[in-house]
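Numbering (the numbering used here), first residue to last: 30 to 313. Working notes for the structure below.
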Amino acid sequence: MHIPISCEFFPPKSDEGAAKLRGVHNRLAEALKPEYFSVTYGAGGSTQERSFATVREIQMESSVPAAPHLSCVGSTRAGIADILDQYRALDIHRIIALRGDLPSGMRDPGDFRYANELVAFIREHAGDWFHIEVAAYPEFHPQAASATADLEHLKRKVDAGANGAITQYFYSIEAYSRFVDDCERLHIDIPIVPGLMPITNYTQLARFSDACGADLPRWLRKRLEAFGDDLGSLRAFGHDVVVELTADLVSAGTPGLHFYTMNQADSVIALCRDSGVLPTNHTG
Ligand code: FAD
């Protein structure tokens with residue numbers, strides 16, 4: 030059984046972080062042989078340069094191809110065209126196309142309002158050069174007018190030329206399965222790859238979940254809260270929760286697994302090993 034795996038990184042802020050990330054992606058490349066490494070991208074400013082530098086390094090130095098995230102809010106068509114040309118020159122063939130969120134204080138939305146417009150522009154500018162992934166939300170995007178509207182907007186991204194979707198993380202397999210069924214009903218016929226977030230730090234996870242609209246089920250929140258400062262027990266419990274989720278997704282025939290690594294290798298390798306995605310004698 031081969032399940033395509035992808036791993037997501039954020040661009041490190043310092044030389045020390047960059048050196049650490051190099052070690053992390055080398056270990057993940059060896060242990061998981063992922064299909065690609067993706068690198069997040071923020072709207073505006075220096076994060077974009079750091080994203081580009083991280084993408085270039087992975088593409089040039091790693092055995093695993095890089096897949097840059099590209100958010101369009103606050104950008105011009107000319108600016109996006111320039112970035113696409115730079116990625117083409119690096120022989121990059123996959124992009125995660127997003128709307129993104131305007132940083133507070135930035136008001137000009139630029140030339141794009143929604144991710145479907147970015148997908149259409151990538152196709153217009155670069156034809157079929159790029160395999161385009163888009164974001165999907167099994168528990169629905171926080172700004173969506175309704176669940177139905179959110180699904181229709183996902184369909185617009187597919188109609189504009191997206192090849193696949195990666196989901197926001199979730200801890201309820203029922204939410205994901207229902208979402209995939211709804212997509213099938215709407216003839217959204219692209220792979221919907223689940224995004225998986227390891228549980229290693231409750232405060233950070235609760236903050237992220239509140240910001241992005243991913244649901245931390247009440248039972249999980251309560252159990253994680255109860256560990257207090259006992260990080261070792263929290264991590265052991267969190268590991269078991271995500272192993273079970275991963276194994277259930279694999280049994281259900283998932284088209285792939287996308288890991289939000291938080292620039293850490295150990296938790297992701299252990300999850301893959303213990304959920305049966307890697308051979309059990311793997312020592313990585
Ligand atoms: P869209 O698909 O444009 O949807 C945004 C909202 O608008 C939704 O509520 C949708 O229902 C609604 N909508 C869409 N089209 C229309 C329309 N025509 N009319 C009215 N409403 C509409 N953010 C970053 O900044 N950088 C990253 O690198 C990044 N990586 C991500 C990776 C993944 C896998 C995921 C799931 C998210 C990522 N995000 C990233 C977060 C993402 O940018 C935010 O969730 C953002 O708020 C929405 O982006 P989108 O591409 O889903 O937007």
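Built from N, CA and C at the ideal position, the CB exists for glycine as well. Source: prediction; values computed, not measured.
Distance cut-off 7 Å: residue i Cβ against heavy atoms of ligand 1
i    : result
H182 : yes
H160 : no
S206 : no
G224 : yes
G193 : no
L131 : no
R185 : yes
T177 : no
Residue i vs residue j beta-carbon contact at 8 Å
i    : j    : result
P284 : V222 : yes
G139 : V102 : yes
I151 : A126 : yes
S317 : E37  : No answer is possible for residue 317: the residues shown for the chain start at 30 and end at 313.
R51  : P94  : no
P97  : V84  : yes
A194 : A165 : yes
L57  : V297 : yes
H154 : A110 : yes
I32  : V279 : yes
Reference residue i, options the options, closest by Cα
i    : options                   : result
Q293 : N55, I32 and P33          : N55
T69  : E45, D130, L260 and M135  : D130
L249 : A189, M291, V279 and F199 : F199
D303 : L286, Y289, S280 and A276 : A276
S92  : G46, E59 and I109         : E59
T76  : A96, L183 and S43         : S43
P171 : V84, L286, A240 and V209  : A240
I219 : A144, G134 and K184       : K184
E168 : W158, G224, D120 and N145 : G224
I202 : V272, M291 and L61        : V272
R106 : Q88, E90, F141 and E86    : F141
D157 : D211, A174, A191 and G242 : A191
H282 : D120, V209, A174 and G71  : Looking at the sequence shown, residue 282 is not His but Gly. Minimum Cα distance to G282 is reached at V209.
A173 : Q115, G242 and H160       : G242
D120 : M89, S175, C212 and P41   : M89
Buried or exposed (CB count within 10 angstroms, at least 16 for buried), residue i
i    : result
L113 : buried
D258 : exposed
R136 : exposed
D179 : buried
L260 : exposed
Pairing CB atoms from the stretch 227-241 with CB atoms from the stretch 263-277, are three or more of them under 8 Å? In this structure the stretch 227-241 touches the stretch 263-277; the number of beta carbon pairs closer than 8 Å is three or more.
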